[in-house]
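Here the protein sequences line up with chains A and B, keeping their order. Each residue of the first sequence is one higher than the last, beginning at 172 in my numbering. Each residue of the second sequence is one higher than the last, beginning at 5 in my numbering. C-beta atoms are modelled at their ideal positions from N, C-alpha and C, and glycine is treated no differently.
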Amino acid sequence: MGLSSTTTGDTQVIAVNCDRIDAAMAIQFKEDMRRVTEAKAKRVILDLSVFEFIDSSGLGAIVASMKQLDDGCRLDLAGLHPVVEKVFRLTRMDTVFKLFASLEDAVAAD
Amino acid sequence: MTPTQKADCMDLTFSATEVQASSGIAYLSACLAEQGLQADRVGDVRIALAEAVNNIVEHAYSGVDAADIQVNCRLRKNTLDIEIIDTGQPMPGTKIPEAKAASVETARQDLPEGGFGWFLIRQLTSDVVYEREAGVNRLVLSFDFAEMS
């Protein structure tokens, strides 16, 4: 599915290059995230702004991606479309992840 | 990849694979938006529809030859009924599973990675009806937009 990654200092920004994450892509996503986070940054920001949709498999894949990070590493999410944010809110995963309206906001929050 | 179009854009039949289901759901959501359903409501419908269809792909057709999933949408002024038909296995006990919210107040390693499907469907619909007859599963998701504000 293609993830692109940029690391600045302790922060790694990962962008996803497809318009949705759902059951068809969830397993691949988790594997790609494992590979791209091997560098072990202290903070990972996942830029979801290209996602127009997510289902519970996609949500599960993001949760699984966080669980495979080291304990000291934080996974924050940025640029959530309203429907994507709603899935996080309804499942209360908005209390587990820090959600930012945009990548700029996430980077600025540090 | 292209969903088979039936009578009109609100009735769709696609084969029960994750990829076909994903494009079918995206297509129906776009149709509902075209018919004038507002964006946040289209989003709610899409989430519920995706969960219902994924359950069919993953469970009803698990271990049996996957066939088709038929989705019929009936959009009226303030309501939408989506009928979803498959010929897979019945739901366990021939009833809709309970919708329990998985707790997120737990250690990172214990966070749930699944089990959200029926919870999301229940949260987003005003009614859900399931019937099993003559080897056919029929699920109707109802949305009352007047009530849901």
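In chain B, which residues lie less than 9 Å from A:R245 when you measure between Cβ atoms?
Ordered by position in chain B, no residue passes the 9 Å Cβ test against A:R245, which lies about 10 Å from the chain.
Within 10 Å of its beta-carbon, does A:K257 have 16 or more other beta-carbons around it, so buried, or fewer, so exposed?
buried
Min CB distance A:A272 to chain B below 8 Å
no
Residues in its own chain within less than 6 Å of B:L79 by CB, not counting five upstream and five downstream?
Q39
Based on DSSP bridge pairs, tell me the residues matched to A:T177.
A:V184
Tell me the DSSP secondary structure of B:C35 in three-state form.
helix
If the criterion is Cβ atoms closer than 8 Å, does the pair B:Y134 and B:M95 meet it?
yes
Does DSSP put B:R80 in a helix, a strand or coil?
coil
C-alpha distance - B:A56 paired with A:A195, whole-angstrom precision:
15 Å
Looking at the unbroken alpha helix (DSSP H) that takes in A:S236, where does it start and where does it end?
S227 to K238
Using a Cβ-Cβ distance under 8 Å, would B:S26 count as near chain A?
yes
Identity of the residue in A:S273, A:G173, A:V278 and A:K238 nearest A:I192 by Cα
A:G173
Range covered by the beta strand (DSSP E) that runs through B:F18
D15 to S19
Rounded C-beta distance between B:N76 and B:D148? I'm assuming under 8 Å.
With a Cβ gap of about 18 Å, B:N76 and B:D148 do not count as contacting.
When the Cα atoms are used, what is the spatial distance from B:P116 to A:R263?
11 Å
Please classify A:Q183: is it buried, with 16 or more other beta-carbons within 10 angstroms of its beta-carbon, or exposed?
buried
Does chain B have any CB closer than 8 Å to the CB of A:T266?
yes
Is DSSP giving A:E256 helix, strand or coil here?
helix
I want to verify the contact list: residues of chain C whose CB lies under 7 Å from the CB of B:Q113, in sequence order.
Among the protein chains in the structure shown, which are A and B, there is no chain C.
Return the Cβ separation of A:A249 and A:D281 in integer angstroms, given the expectation that the two are a contact with Cβ distance under 8 Å.
In fact, because the Cβ distance is near 13 Å, the residues do not count as touching under 8 Å.
Going by C-alpha to C-alpha distance, which of B:R112, B:V140 and B:S107 sits closest to B:F123?
B:S107
Find the nearest neighbour of B:E109 within the set A:H252, A:L230, A:T208 and A:F268, judged by alpha-carbon distance.
A:F268
Sequence ranges, beta strand (DSSP E) only - wholly within the region 51-139 of chain B, length at least 3:
72-79, 83-90 and 131-137
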